[in-house]
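Enquirer: My questions will all concern the structure given below.
There are 2 protein chains.
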Amino acid sequence: MHKFDEKALLKSAEDTLALKPEIEKIVDDICKEGYKNIFLIGVGGTICYAWQMEAIVKAHSTIDLTVVHAADYLSMGYKRLTKDTIVICESASGDTKEIVAAIEKVHSIGAKVIGLCDKPESPVGKSVDYRIGCPDSDGMYKWYVLMCRFMKNNGDFDQYDEFFKDMANLPAACIEVSKACDEKTMEFAKMHADDDVVHYLVGSGNLWGGTYSEAMCLMEEMQWMRTKSITAGDLFHGTIEIIDPDTSMLLFFGEDETRPQMQRVLDFLPRINKNHWVFDTKDYELKGIRPEFRGLVSPIVMWAVNMRLANNLELMRCHPLEVRRYYRKLKY
Amino acid sequence: MHKFDEKALLKSAEDTLALKPEIEKIVDDICKEGYKNIFLIGVGGTICYAWQMEAIVKAHSTIDLTVVHAADYLSMGYKRLTKDTIVICESASGDTKEIVAAIEKVHSIGAKVIGLCDKPESPVGKSVDYRIGCPDSDGMYKWYVLMCRFMKNNGDFDQYDEFFKDMANLPAACIEVSKACDEKTMEFAKMHADDDVVHYLVGSGNLWGGTYSEAMCLMEEMQWMRTKSITAGDLFHGTIEIIDPDTSMLLFFGEDETRPQMQRVLDFLPRINKNHWVFDTKDYELKGIRPEFRGLVSPIVMWAVNMRLANNLELMRCHPLEVRRYYRKLKY
Chain A
487 MHKFDEKALL KSAEDTLALK PEIEKIVDDI CKEGYKNIFL IGVGGTICYA WQMEAIVKAH
547 STIDLTVVHA ADYLSMGYKR LTKDTIVICE SASGDTKEIV AAIEKVHSIG AKVIGLCDKP
607 ESPVGKSVDY RIGCPDSDGM YKWYVLMCRF MKNNGDFDQY DEFFKDMANL PAACIEVSKA
667 CDEKTMEFAK MHADDDVVHY LVGSGNLWGG TYSEAMCLME EMQWMRTKSI TAGDLFHGTI
727 EIIDPDTSML LFFGEDETRP QMQRVLDFLP RINKNHWVFD TKDYELKGIR PEFRGLVSPI
787 VMWAVNMRLA NNLELMRCHP LEVRRYYRKL KY
Chain B
487 MHKFDEKALL KSAEDTLALK PEIEKIVDDI CKEGYKNIFL IGVGGTICYA WQMEAIVKAH
547 STIDLTVVHA ADYLSMGYKR LTKDTIVICE SASGDTKEIV AAIEKVHSIG AKVIGLCDKP
607 ESPVGKSVDY RIGCPDSDGM YKWYVLMCRF MKNNGDFDQY DEFFKDMANL PAACIEVSKA
667 CDEKTMEFAK MHADDDVVHY LVGSGNLWGG TYSEAMCLME EMQWMRTKSI TAGDLFHGTI
727 EIIDPDTSML LFFGEDETRP QMQRVLDFLP RINKNHWVFD TKDYELKGIR PEFRGLVSPI
787 VMWAVNMRLA NNLELMRCHP LEVRRYYRKL KY
């Protein structure tokens with residue numbers, strides 16, 4: 487398997503899960519003091535993580551949550567973001583310029599910022615009120631502990647403790663997912679190694695963020711492949727008309743409440759298209775995860791699939807994931 | 487000008503604006519009784535109108551507003567939608583099946599529904615608690631009266647009366663916009679009459695809904711042209727890498743607070759692309775609209791441009807806007 491470092495993946499996930507007591511203390515302190523609402527401010531990949539959490543929180547919680555693009559927050563201000571708001575931002579590099587500027591603006595109105603950032607000495611690391619991170623942290627688990635703790639403290643997640651007991655098994659289960667999906671993702675990569683078609687990626691619910699990210703970040707930015715991501719609900723209102731028999735389509739099935747939306751797509755699609763691939767979290771065992779939690783962890787499971795897809799595309803297309811034409815090469 | 491019925495356009499806008507006292511009474515009654523939050527539930531074109539309003543409300547108001555796709559509401563429920571929520575839905579046909587089902591679900595939890603629907607005898611028309619509509623109403627003006635009245639009653643829109651004084655001049659001003667943009671939109675239509683490229687449509691803020699709608703509804707559904715719509719903020723995080731010198735791009739400039747995001751795109755783009763078209767509300771006079779209101783009405787102005795684009799594409803591509811391959815032809 488190309489670029490598959492089992493030990494590093496496990497270490498990253500487990501180190502991040504080990505931050506749990508620290509994250510819980512941050513959230514508990516905030517909840518004790520009280521807050522009015524939560525804003526997740528993101529950009530690029532980090533707004534995709536925020537969307538995953540938004541789908542989970544809005545379905546299961548009464549927390550007043552808003553997700554906003556950093557550029558929009560900077561332009562428009564958002565009147566409901568006040569000194570009583572808790573803002574959550576992520577920046578892997580710690581110097582994403584829209585995020586740095588957003589934190590400054592948030593502070594100017596007196597609100598506090600939780601920063602997901604592995605680099606304490608970076609501009610983001612230094613400026614946030616609470617920093618969550620560790621060297622090479624996993625992108626997902628810190629978001630889960632953080633938002634699930636807010637939900638638990640809000641009375642929306644009675645099974646919190648059971649859930650995180652199972653979560654301890656997820657890193658190892660996802661290693662098995664990576665191995666199990668490698669052949670299929672490689673087959674896709676081989677098929678599209680040299681062509682120049684547009685790929686349509688369809689997702690729903692808590693997998694929408696990952697679907698958007700696979701399209702925009704892994705395929706467009708890192709592979710220079712043309713994509714359009716579309717929700718299962720929207721596909722039937724417009725985009726469906728340009729689907730031909732040969733249009734390349736990828737369907738991302740999870741196990742949350744929106745799975746029937748994806749099923750509706752798959753029930754119809756074979757009548758008009760013979761070139762769609764189904765990636766489905768249900769195909770994997772997930773040892774140690776109770777059935778009732780499978781829907782909630784679908785984004786983490788699918789992320790393992792997305793990474794195999796990206797790595798196999800890199801290999802078959804001879805196009806390193808790190809290559810950029812414009813990003814951080816030209817000024818904009 | 488192809489399919490340009492000046493009288494019908496004016497009549498539709500003016501008839502819709504004439505609903506103002508009726509809409510105000512509905513909103514005033516609701517505000518007197520009190521409500522906790524507002525949900526806009528849409529699908530396809532109607533969620534695009536909702537997004538336009540969301541950008542305006544979130545920047546200027548403290549109203550607790552959530553926009554949700556009808557399919558997602560049906561799947562996920564959304565815990566913050568309670569009996570104290572005001573729900574707003576639109577269905578032009580009055581029988582959009584996701585909207586009919588959503589209204590039923592909303593009623594089952596005891597919340598009230600305002601329906602934007604021209605057909606009193608349709609399933610939507612018959613089931614909503616308050617119906618707003620008239621024969622052949624305009625898609626935009628009813629949304630504006632409705633949401634601006636909620637904002638005024640919430641103390642967020644002191645200039646409400648002045649704004650609607652100017653709004654009375656907008657239908658005529660938009661007729662001039664249609665005439666003024668016809669040549670440019672026709673030029674675009676001629677250029678792309680027979681090719682088969684992907685078009686990238688970029689918008690921001692209160693024009694994002696219209697940009698998405700132009701891509702998905704007018705170009706994909708009604709013209710079978712491939713498109714991807716992308717926000718100005720997101721373009722720089724992923725999608726930019728697949729922009730070639732010849733990639734077809736359409737930039738939609740409005741005059742709200744997010745205009746600098748579009749300017750950032752245009753400042754950079756000529757270095758890597760020679761095939762982008764700028765459609766800009768600033769190019770039009772808008773007689774009788776005070777400068778401070780131009781940003782707020784940008785969606786209505788750009789809609790006039792979008793319609794000329796659609797009509798001219800229809801003519802040059804010999805592809806009637808009404809033709810569908812799948813929608814309401816096959817079951818899904």
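Sequences listed follow chains A and B, in order.
The first sequence begins at 487 in the working numbering and counts up by one.
The second sequence begins at 487 in the working numbering and counts up by one.
Backbone N, C-alpha and C define an ideal beta-carbon position, used for all residues, glycine too.
Closest Cβ-Cβ distance between A/G641 and chain B: below 8 Å?
Expert: Not an interface residue.
Enquirer: Alpha helix (DSSP H) containing A/R803: first to last residue?
Expert: Here the alpha helix (DSSP H) through A/R803 covers R780 to R803.
Enquirer: Closest Cβ-Cβ distance between B/H805 and chain A: below 8 Å?
Expert: No, B/H805 lies away from the interface with chain A (no Cβ there is under 8 Å from its Cβ).
Enquirer: Looking at the C-beta of A/W710, does it have a partner C-beta in chain B at a distance below 8 Å?
Expert: For A/W710, the answer is yes, since a Cβ of chain B falls inside 8 Å of its Cβ.
Enquirer: Tell me, please, which residues DSSP counts as bridged to A/K598.
Expert: DSSP output for A/K598 lists A/I572 as bridge partner(s).
Enquirer: Can you give me the start and stop residues for the beta strand (DSSP E) that A/G689 sits inside?
Expert: A/G689 -> beta strand (DSSP E) spans V684 to G689.
Enquirer: A/Q645 CB to nearest chain B CB: under 8 Å?
Expert: Cβ-Cβ to chain B under 8 Å: no for A/Q645.
Enquirer: Quick one: give me the first and last residue of the beta strand (DSSP E) that A/S715 is part of.
Expert: Per DSSP, A/S715 belongs to the beta strand (DSSP E) from R712 to T717.
Enquirer: So, is B/S594 buried or exposed, given that buried needs 16 or more other C-beta atoms within 10 angstroms?
Expert: With fewer than 16 Cβ atoms within 10 Å of its Cβ, B/S594 is classed as exposed.
Enquirer: Where DSSP assigns a beta bridge to B/G695, which residues make up the other side?
Expert: In DSSP, B/G695 forms no bridge with anything.
Enquirer: Can you name the residues of chain A whose CB is closer than 7 Å to the CB of B/L816?
Expert: What B/L816 touches in chain A: R757.
Enquirer: Which chain A residues are close to B/R780, counting only those with a beta carbon under 8 Å from its beta carbon?
Expert: Under the 8 Å cutoff, chain A gives no residues; its nearest Cβ is about 16 Å from B/R780.
Enquirer: What residue from B/L602, B/K497, B/A718 and B/V554 has the CA that sits closest to B/L752's CA?
Expert: Comparing Cα positions, the closest option is B/A718.
Enquirer: For my contact list, A/F754 and A/L737 are in at a C-beta cut-off of 8 Å; report their separation, rounded to the angstrom.
Expert: In fact, because the Cβ distance is near 11 Å, the residues do not count as touching under 8 Å.
Enquirer: Only counting the same chain, and skipping five residues up and downstream in sequence, which positions put a Cβ closer than 7 Å to that of A/K638?
Expert: Cβ neighbours of A/K638 beyond the five flanking positions: Y646.
Enquirer: Taking the alpha-carbon positions, what's the B/Y813 to A/P731 distance?
Expert: Using only the alpha carbons, I get a separation of about 16 Å.
Enquirer: Can you tell me which of the three DSSP states B/H546 falls into?
Expert: It is helical.
Enquirer: Using the beta-carbon count (16 or more within 10 Å), is B/D622 buried or exposed?
Expert: With fewer than 16 Cβ atoms within 10 Å of its Cβ, B/D622 is classed as exposed.
Enquirer: Quick test of your reading: B/S608 and B/H678, contact by CB under 8 Å. State the CB separation rounded to the nearest angstrom.
Expert: Actually they are not in contact, since the Cβ atoms of B/S608 and B/H678 sit about 36 Å apart, beyond 8 Å.
Enquirer: With a CB to CB cut of under 7 Å and the five nearest residues on each side skipped, what residues in its chain are close to A/K721?
Expert: As written in the sequence, residue 721 of chain A is Leu, which differs from the Lys given in the question. The answer, listed in chain order, is V688 and V751.
Enquirer: For the beta strand (DSSP E) holding B/L752, just list the boundary residues, first then last.
Expert: Run containing B/L752: none in the beta strand (DSSP E); it sits in the alpha helix (DSSP H), R745 to F754.
Enquirer: Run the CB neighbour count on B/D644, radius 10 Å, all protein chains shown included, and call it buried at 16 or more, exposed below.
Expert: Exposed is the call here.
Enquirer: Between A/L799 and A/A675, how many whole angstroms is the CB-CB distance? I'm expecting something under 8 Å.
Expert: With a Cβ gap of about 5 Å, A/L799 and A/A675 count as contacting.
Enquirer: Tell me which residue opens and which closes the beta strand (DSSP E) that A/G528 is part of.
Expert: Where A/G528 is concerned, the enclosing beta strand (DSSP E) stretches over N523 to G528.
Enquirer: How about A/V631 and A/K506: do their beta carbons lie closer than 8 Å?
Expert: A contact, by the Cβ cut-off of 8 Å.
Enquirer: Taking Cβ to Cβ, would you say A/L503 is nearer than 8 Å to A/Y627?
Expert: Closer than 8 Å, so yes.
Enquirer: CA-CA distance, B/D501 and A/V554?
Expert: Their backbone Cα atoms lie some 36 Å apart in a straight line.
Enquirer: Could you list which residues in chain A have their beta carbon closer than 7 Å to that of B/T744, in chain order?
Expert: In chain order: D558, S561 and M562.
Enquirer: Would DSSP call A/Y616 helix, strand or coil?
Expert: The answer is strand: DSSP assigns A/Y616 an E or B state.
Enquirer: Can you find a CB in chain C that lies within less than 8 Å of the CB of A/A545?
Expert: The chain labelled as chain C is not found among the protein chains of the depicted structure, namely A and B.
Enquirer: According to DSSP, is A/H723 part of a helix, a strand, or is it coil?
Expert: Here A/H723 sits in coil by DSSP.
Enquirer: In the DSSP output, what is B/M735 paired with across the bridge?
Expert: Bridge partners of B/M735: B/Y686 and B/H762.
Enquirer: Please classify A/K511 as buried or exposed, where buried requires at least 16 neighbouring CB atoms within 10 angstroms.
Expert: Exposed, since its Cβ has fewer than 16 Cβ neighbours within 10 Å.
Enquirer: Alpha carbon to alpha carbon, what distance is there between B/C660 and A/I786?
Expert: Those two C-alpha atoms are separated by around 49 Å.
Enquirer: Cβ atoms of B/V809 and A/V684: under 8 Å apart, would you say?
Expert: Not closer than 8 Å, so no.
Enquirer: Pull up the DSSP beta-bridge partners for B/L551, would you.
Expert: DSSP lists B/I524 as partners of B/L551.
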